[in-house]
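Undergrad: For the sequence shown, position 235 matches number 235 in my numbering, and the numbering has no gaps at all.
Note that beta-carbon positions come from the ideal geometry of N, C-alpha and C, so glycine has one too.
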Amino acid sequence: MFNVSKTLGLTRKLVLLALVALGGSFIYVQTAHVLNMLGTGKVYVNVNTTSCRQIGHGVLRGCEDIVVDPHTGLAYLACGSLAPRQHWLHPDDEYDFIHESETDHVYVMGEDDSYTEIRLLEPSADGGNAAFSQDLRVHGFDIFWDSDDPQRMTFMFVNHQLDHDAVSIFSYISGSDHMLHLETVKSELLWSANNIVAMSHREFYATNDMRFPRGIMREVSSNLRLADGHVVYRNHSGHFSVAASNIRYPNGIARHQDQIYVASCTDPGIQIYRPGEGGRLDYQGRVIYNDGIPDNLFADPLNGQIYSTMFLKVRETHKFFKHPSLDTTKEAGTKLLRFTRRSNSSQDFDIESLLIDSGELMPTATIAAVQRRNQIQRLLVGCVMCNFLVVCDGVI
């Protein structure tokens with residue numbers, strides 16, 4: 001006689017075993033993916049680094065972001081003291097802001113490795129100009145060029161001020177030795193600002209990498225890879241709104257024509273958006289990374305190619321950010337990728353690996369920018385916690 005209860009019991013066991021196997025397979029795949037992203041167990045050798053060199057030791061330090069003027073080929077670098085940068089990388093560590101003796105700097109650099117500091121000024125009560133008096137701890141930055149007057153430039157800096165993250169905006173005339181402060185803006189939506197895209201003299205998009213700027217919830221968010229970051233939009237009248245949400249650690253952001261690119265660190269890849277009504281960012285697609293963590297992005301104004309730096313060994317990178325020394329980063333790695341959009345698609349890209357460094361030349365890299373000036377074409381590579389800048393002459 002057919003035993004229904006035994007058959008049902010066997011079926012339940014088989015289903016349970018299948019679910020266990022499926023769950024185990026899922027966990028294995030996810031764990032393997034995460035370990036691959038972190039670079040665990042991998043060894044990297046240098047590829048295409050022979051034309052690269054370090055410059056500006058002790059001066060061009062902490063250059064987290066670089067923007068190149070497409071009209072002149074001059075490169076602008078946001079650099080500064082490593083100690084404040086360590087604090088906003090590790091916000092729960094103790095840091096003596098009261099006795100902070102150094103401030104950040106902005107440099108302009110030509111194609112011959114020469115560089116000059118640009119003074120930051122603000123209007124004074126007597127009608128003249130004085131040194132910029134506010135806190136200045138620069139993270140990402142961008143420049144807006146007026147199409148009617150390309151010599152007139154608007155600089156927008158993500159500024160980690162003591163009381164709240166902000167965006168400090170300056171006016172600059174190409175070739176001048178100073179820029180003039182226009183305004184510093186803050187918002188309750190700008191709680192953990194990272195990088196920025198300037199859309200006009202007052203408009204911008206900025207990434208908020210995490211919902212919690214400090215504390216245990218920041219660690220929870222990072223370790224669980226929560227999608228609690230977003231991109232904020234500020235319009236011409238000064239109103240802030242959320243342009244895109246539910247992003248896992250949005251970091252670098254770049255623009256080319258009608259596309260906005262956002263690098264996601266804990267879900268490694270690039271999100272692609274198109275600006276919509278009211279500054280809303282409409283999702284267009286995504287490029288997935290297979291073996292590293294992205295940081296800042298550079299959109300080449302000449303052809304729209306996207307350059308992305310990658311952290312290859314995340315644990316070693318964290319060691320370096322905590323204690324910047326070449327001795328701790330012999331096994332850290334940096335990779336540089338170039339994305340070229342296919343002619344028949346706005347979301348599909350051909351991806352090239354241009355450079356791999358094991359950690360000896362550049363312990364880590366946060367930005368790679370193309371500089372073209374006087375028939376010279378080269379790559380400038382900055383690092384948020386390095387004591388120098390890296391220049392590569394034969395990579396692109």
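What would DSSP say about H71, mapped onto helix, strand or coil?
TA: Against the sequence shown, residue 71 aligns to sequence position 71. If DSSP states are grouped into helix, strand and coil, H71 belongs with coil.
Undergrad: Report the rounded CA-to-CA distance for T207 versus A166, giving the unit in angstroms.
TA: To locate residue 207, count along the sequence shown from 1; it is residue 207. To locate residue 166, count along the sequence shown from 1; it is residue 166. Whole-angstrom Cα-Cα distance: 12 Å.
Undergrad: Grab the span of the beta strand (DSSP E) containing E117 for me, first residue to last.
TA: Translated into positions along the sequence shown, residue 117 becomes position 117. Run containing E117: Y115 to P123, per the beta strand (DSSP E) assignment.
Undergrad: Can you tell me the Cα-Cα spacing of T184 and V47, whole angstroms?
TA: Sequence index remark: in the sequence shown, residue 184 carries index 184 (1-based). Sequence index remark: in the sequence shown, residue 47 carries index 47 (1-based). Each residue's alpha carbon lies about 42 Å from the other.
Undergrad: Would you list, in sequence order, the uninterrupted alpha helix (DSSP H) runs of no fewer than 4 residues that lie entirely inside the stretch 306–353?
TA: Runs of the alpha helix (DSSP H) inside the stretch 306–353: 314–322.
Undergrad: With distance defined between alpha-carbon atoms, name the residue in V262, C79, F144 and S124 nearest to P70.
TA: Stepping through the sequence shown from its first residue, residue 70 is reached at position 70. The shortest C-alpha separation from P70 is found at F144.
Undergrad: Going by the CB atoms, is the gap between V232 and L182 shorter than 8 Å?
TA: Along the sequence shown, one-based indexing puts residue 182 at 182. Along the sequence shown, one-based indexing puts residue 232 at 232. No. Outside cutoff.
Undergrad: Give me the Cα-Cα distance between I247 and I260, rounded to the nearest whole angstrom.
TA: Taking the sequence shown and counting its residues from 1, the one referred to as residue 247 is at position 247. Taking the sequence shown and counting its residues from 1, the one referred to as residue 260 is at position 260. Using only the alpha carbons, I get a separation of about 14 Å.
Undergrad: Here's the rule I'm using: 16 or more other beta-carbon atoms within 10 Å means buried, otherwise exposed. How should Q86 be labelled?
TA: The sequence position of residue 86 within the sequence shown is 86, counting from 1. Flag for Q86 reads buried.
Undergrad: Count the other C-beta atoms from every protein chain shown that fall within 10 angstroms of the C-beta of L336, then say buried if there are 16 or more, exposed otherwise.
TA: Residue numbering aside, residue 336 sits at position 336 when the sequence shown is read from its first letter. Classification of L336: buried, given that the 10 Å Cβ count is 16 or more.
Undergrad: Between the Cα of H57 and those of A198, G252 and C386, spot the shortest distance and give me the residue it belongs to.
TA: Taking the first residue of the sequence shown as position 1, residue 57 is located at position 57. Comparing Cα-Cα distances from H57 to each of A198, G252 and C386, the minimum goes to C386.
Undergrad: When you compare each of V45, A254, Y76 and S176 to N194 by their alpha carbons, which one comes out closest?
TA: Residue mapping note: residue 194 aligns to position 194 of the sequence shown, counting from 1. Residue A254 is the option with its Cα nearest to N194.
Undergrad: Exposed or buried, A32, counting other C-beta atoms within 10 Å across all chains shown (16 or more means buried)?
TA: Taking the sequence shown and counting its residues from 1, the one referred to as residue 32 is at position 32. Caution is warranted here: a pLDDT of 43 is assigned to A32, below 50, making its placement in the model unreliable, and no coordinate value can be reported.
Undergrad: Using the beta-carbon count (16 or more within 10 Å), is H160 buried or exposed?
TA: Walking along the sequence shown from the start, residue 160 turns up at place 160. Burial call: buried.
Undergrad: Nearest by alpha-carbon distance to R274: which of A263, Y283 and Y107 is it?
TA: Start at 1 with the first residue of the sequence shown, and residue 274 comes out as number 274. That would be Y283, whose Cα lies nearest to the Cα of R274.
Undergrad: What are the start and end residues of the beta strand (DSSP E) that includes R248?
TA: In the sequence shown, the residue the question calls residue 248 occupies position 248. Segment: none, R248 is in no beta strand (DSSP E) and carries neither H nor E.
Undergrad: Given this structure, state the Cα-to-Cα distance separating T334 from S147, to the nearest angstrom.
TA: Residue mapping note: residue 334 aligns to position 334 of the sequence shown, counting from 1. Residue mapping note: residue 147 aligns to position 147 of the sequence shown, counting from 1. Distance between the alpha carbons of T334 and S147: 36 Å.
Undergrad: Is it right to say S343 is buried, meaning 16 or more other beta carbons lie within 10 angstroms of its own, or is it exposed?
TA: In the sequence shown, residue 343 corresponds to position 343, counting from 1. Answer is exposed; the Cβ neighbour count stays below 16.
Undergrad: Helix or strand or just coil, what does DSSP make of L82?
TA: Mapped onto the sequence shown, residue 82 falls at position 82. Residue state, collapsed to three classes: helix.
Undergrad: V158 bridges to which residues according to DSSP?
TA: Along the sequence shown, read from residue 1 onward, the residue named residue 158 stands at position 158. In DSSP, V158 forms a bridge with V167.
Undergrad: So, with DSSP's three-state summary, where would you put E397?
TA: Here the chain covers residues 1 to 396 and nothing more, so residue 397 does not appear.
Undergrad: Ignore the nearest five residues each way along the sequence and tell me which others in H256's own chain have a CB closer than 6 Å to its CB.
TA: Translated into positions along the sequence shown, residue 256 becomes position 256. A299 and G304, listed in sequence order.
Undergrad: Return the CA-CA distance between Y107 and A369, expressed in angstroms with no decimal places.
TA: In the sequence shown, counting from the first residue as 1, residue 107 sits at position 107. In the sequence shown, counting from the first residue as 1, residue 369 sits at position 369. Each residue's Cα considered, the two are about 15 Å apart.
Undergrad: Using a Cβ-Cβ cutoff of less than 6 Å, which residues in the same chain neighbour L74 once the five nearest sequence positions on both sides are dropped?
TA: One-based indexing of the sequence shown puts residue 74 at position 74. If we look at L74 and ignore the five residues flanking it on each side, its Cβ neighbours are V108.
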